[in-house]
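Shown next, in structure tokens, is the structure this report addresses.
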Ligand SMILES: Cc1cc2nc3c(=O)[nH]c(=O)nc-3n(C[C@H](O)[C@H](O)[C@H](O)COP(=O)(O)OP(=O)(O)OC[C@H]3O[C@@H](n4cnc5c(N)ncnc54)[C@H](O)[C@@H]3O)c2cc1C
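Numbering (our numbering), first residue to last: 527 to 994.
So, in structure tokens, the structure goes:
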């Protein structure tokens, strides 16, 4: 009998197993496929590699502006996919988690197939393993939500898109959230004709309104057809050249055609095959495993963490969940999941990122001051020829604390990391404005926008207004 059994080898599961092992528990990790989960094999690592290639093509086109003469960049997609595989293997082989998991004494069972409960303490796997444990931690992640209209089986997911052997001539992307926007942006850069369909009034609906508008405008300018509020899908049909999507709005029917249709309409918990009823684990109204603040499920000996719980579905949160769930599995409920500022970003072109509250959300509860600096007026972006975008700061007028930061453009994701650190450290906006951030840098843009807010609030800064 084990002390702790972790199911799922993504970031949540790996950290949970490592932590349980470090705390002296007899621990095993069992996972369907390879170590690393979606993060290493299907999510951020492959996507970031493809996005990097898209960025290189864009940068190559800019070389002429700097007096460097080269021809028009040509993409060899199969060679790029080779590079993606190389990167994924490299990341997996050099993962510090791998060696730490081994040194924590965790038994790792990879490629075990789907694990299924026999009772609350026992699982069997497709590969024929039977494991029994006092505590079990579920970290089985999420999977793409499917459409349920006729012909939906003809559509692809983001994973199928990364697995294509050549760049399709055209793609219909359904869903204008983070994943859909990345598929659209990357394949647009690779030369596919993209139509991006969003059922709601704006793409990137969880971002600040200004961010959605700026990214939609930049996408349109780069040739992506962005269809917001397009109505509802009725069916898909196979055509000679690919697929056709039939949809309607207010009784008016329309069709769109493309070589491929990629559906990116959100996530569901990856619980199929687990037979949760045998373990007494309940699913919440959103279809994810319900957990309390200690990550305990409805079954007394079972905890869960990461995407399978359906909260912020990101690697840093999965890692934190794994740590908390394992600590509580071994020591009893003593650690809560922290509610910290969580920066979120996406590697589209242009990039976008956020931390904290959107301006609209902030105004619901705070007296707010905001400032926005346009990338057309910041030195580093001008130097680099990357003047699309902005950095916006949302601040509480009374406390002067930073409530949110929203960025579109080059290095948006990196800029918000600095804002997140300032927010986690409870800095006031005038304190941030006085940190002598290096010039000319992208992070320095944040200092400038902080100085703009401080000025609005009549806060006395030594070098207020002198930032560039
Ligand atoms: C296209 C894309 C881009 C992304 N980009 C980012 C990004 O830039 N930054 C970021 O932070 N996050 C990103 N994410 C999200 C990130 O990948 C996830 O939040 C993270 O992987 C969640 O970790 P996890 O451990 O909860 O689950 P996963 O990584 O999904 O791991 C779950 C593991 O459990 C296994 N499993 C499932 N069911 C069973 C079973 N019954 N038995 C045994 N094993 C099972 C699975 O095979 C898998 O290995 C992206 C995701 C996608 C799809």
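The C-beta atom is built at its ideal place from N, Cα and C for all residues, glycine as well.
Asked: Given residue 932 as reference, the closest of 887, 665, 666 and 774 once Cα atoms are compared; Found: 887
Asked: Residue 684: CB within 7 angstroms of a non-hydrogen atom of ligand 1; Found: yes
Asked: Distance cut-off 7 angstroms: residue 533 Cβ against heavy atoms of ligand 1; Found: yes
Asked: Whole beta strand (DSSP E) elements within the stretch 911 to 961, 3-residue minimum; Found: 915 to 922 and 928 to 935
Asked: Same chain, Cβ closer than 8 angstroms to residue 840, neighbours up to 5 away in sequence not counted; Found: 868 and 870
Asked: The stretch 785 to 804 in contact with the stretch 697 to 710 per 3-pair CB rule at 8 angstroms; Found: yes
Asked: CA nearest to the CA of residue 732, picked from 949, 570 and 883; Found: 883
Asked: Cβ pair count under 8 angstroms reaching 3, the stretch 832 to 846 against the stretch 904 to 918; Found: no
Asked: Rounded separation between residue 675 and residue 696 - CA only; Found: 22 angstroms
Asked: Under the three-state DSSP convention, the category residue 556 falls into; Found: strand
Asked: beta-carbon residue 628 near ligand 1 non-hydrogen atom, thresh 7 angstroms; Found: no
Asked: Spatially closest choice to residue 623 from 901, 799, 527 and 538, by CA coordinates; Found: 538
Asked: Distance cut-off 7 angstroms: residue 867 Cβ against heavy atoms of ligand 1; Found: no
Asked: Simplified DSSP state of residue 968, which is helix, strand or coil; Found: coil
Asked: Three-way DSSP call (helix, strand, coil) for residue 990 in this model; Found: Caution applies to residue 990, whose pLDDT of 48 falls short of 50 and renders its modelled position unreliable; the model cannot decide the point.
Asked: Which of helix, strand or coil DSSP assigns to residue 578; Found: helix
Asked: Span separating the alpha-carbon of residue 880 from that of residue 937; Found: 12 angstroms
Asked: Counted within 10 angstroms of its Cβ, other Cβ atoms place residue 955 as buried (16 or more) or exposed; Found: buried
Asked: Entirely enclosed alpha helix (DSSP H) segments - the stretch 842 to 914, minimum 4 residues; Found: 885 to 891 and 905 to 910
Asked: Span of the beta strand (DSSP E) around residue 811; Found: Careful: residue 811 lies outside any beta strand (DSSP E) and carries neither H nor E.
Asked: Beta-bridge pairing of residue 658 - partner residues as DSSP gives them; Found: 648
Asked: The stretch 885 to 901 touching the stretch 946 to 954, judged by at least three CB pairs closer than 8 angstroms; Found: no
Asked: Endpoints, beta strand (DSSP E) assigned at residue 681; Found: Taken as a continuous stretch (DSSP letters only), residue 681 belongs to no beta strand (DSSP E), as it is neither H nor E.
Asked: Three-state secondary structure assigned by DSSP to residue 696; Found: strand
Asked: Residue 558 CB to nearest heavy atom of ligand 1 below 7 angstroms; Found: yes
Asked: Simplified DSSP assignment, three categories, for residue 584; Found: helix
Asked: Limits of the unbroken beta strand (DSSP E) element including residue 788; Found: 786 to 789
Asked: Three-state secondary structure assigned by DSSP to residue 824; Found: coil
Asked: Inter-residue Cα distance where the pair is residue 725 and residue 813; Found: 21 angstroms
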